[in-house]
Amino acid sequence: MITLFKILSTLPLWLLHAVGWGLGWLVFAVSGVYRQRFVANARQAGLGWRHWRGSVGESGKLVAELPRLWLGRPVPVQWDGAQHVEEALARGRGVLFLTPHLGCFEITAQAYAQRYGQTQQPMTVLFRPSRQPWLREVMSTARARPGLHTAPTTLAGVKQMIKALKKGQSLGLLPDQVPPLGMGVWAPFFGREAYTMTLSVRLAQQTGATVLMAWGERLSWGRGYRVHVQPLPASLPADGAQAVRIINAALETLIRDCPQQYLWGYARYKQPRQEI
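Numbering (this note's numbering), first residue to last: 3 to 278.
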């Protein structure tokens, strides 16, 4: 599989995206469980067919582009809102980037590392190691690059993240990822209660880090990506539950701006697992 990944990483981005588009529709057609969850999540957000249908193919592109992003040549990246990053770094209190399952969330950390990670402050991203040994090896190799560090989803990883923010460094999280039981609260997400992580709120409150929303828009015809960055619309209050609601509302706004690139097939409303 590693050899296959290396071969795929040499292909042009437009070709990988074309293959991924077909893969996305194939999975949507043959997997009833995935299709039902996909449609139900989109309808929960109040979206009709014409608003979410593009996300079927985009979900496949998300998988197909990974070999190129992990092992291939750098891809073109544009920035929208880079001034927010530069202003936050200048404050020196650390920067917490919150990136939903929207567009290409892999590119946001890579783009930051390339533009800011080596010359200003590195970024640490939270990740859960794959159960597949070959994929775990590929991921660890791909994500260990100049200006970009990784932290596991363990207590040691949380301590590593707090330490990084207190040094004025940057951190990347997926705030709409369902955390293990006991590490989140139930909060509305598109009008339905979803178990939502409190880690992002705790990190911001404990360190005084600047919180920014970021996501990587996948441009058409393999032209690369555009990283969008913007501040939270409101400051996070001391009350953790209320702070989580503010983050969820901000995520909803981002997703409504580009619903065709959200990962509607993600099991956002599932019951949290018991951490072992």
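Don't be surprised by glycine CBs; every beta carbon is placed ideally from N, CA and C.
Delimiting residues of the beta strand (DSSP E) encompassing residue i
| i | result |
| --- | --- |
| F192 | First-last for F192: undefined, no H or E at that position. |
Span of the alpha helix (DSSP H) around residue i
| i | result |
| --- | --- |
| R220 | Run containing R220: none in the alpha helix (DSSP H); it sits in the beta strand (DSSP E), 212 to 220. |
| Y36 | 34 to 46 |
| W51 | 51 to 54 |
| G159 | 157 to 168 |
| A245 | 242 to 259 |
| W320 | This structure does not reach residue 320, given that the chain is present from 3 up to 278, and the question cannot be answered. |
| K8 | 4 to 10 |
Test item: CB-CB of residue i and residue j under 7 Å
| i | j | result |
| --- | --- | --- |
| A113 | L150 | no |
| Q276 | L157 | no |
| V229 | G218 | yes |
| E88 | Q263 | no |
| A66 | L18 | yes |
| L167 | L173 | yes |
| G242 | T200 | yes |
| F99 | L265 | no |
| Q120 | P148 | yes |
| V246 | V160 | no |
| I249 | P177 | yes |
| Q130 | T155 | It is Arg, not Gln, that sits at residue 130 in the sequence shown. Yes, the pair counts as a contact, with Cβ atoms nearer than the cut-off. |
| Q46 | R194 | yes |
| L73 | S33 | no |
| R270 | A216 | no |
| F7 | P69 | yes |
| W54 | A44 | yes |
For residue i, the residue or residues it bridges with in DSSP
| i | result |
| --- | --- |
| F99 | G174, L214 |
| T126 | H151, L173 |
| H230 | D82, W217 |
| M199 | G186 |
| Y264 | L104 |
Inter-residue CB distance, residue i and residue j (contact presumed, cutoff 8 Å)
| i | j | result |
| --- | --- | --- |
| W223 | W16 | 6 Å |
| Y36 | G267 | 5 Å |
| T126 | A153 | 5 Å |
| A211 | V97 | 6 Å |
| K63 | V180 | Going by Cβ atoms, the distance from K63 to V180 rounds to 23 Å, so no, they are not a contact pair. |
| L71 | C260 | About 19 Å; that fails the 8 Å criterion. |
| Q171 | P124 | 6 Å |
| H86 | P235 | Their Cβ separation, rounded to whole angstroms, is 13 Å, which puts H86 and P235 out of contact at 8 Å. |
| A206 | L256 | Contact flag wrong, Cβ pair sits at about 18 Å. |
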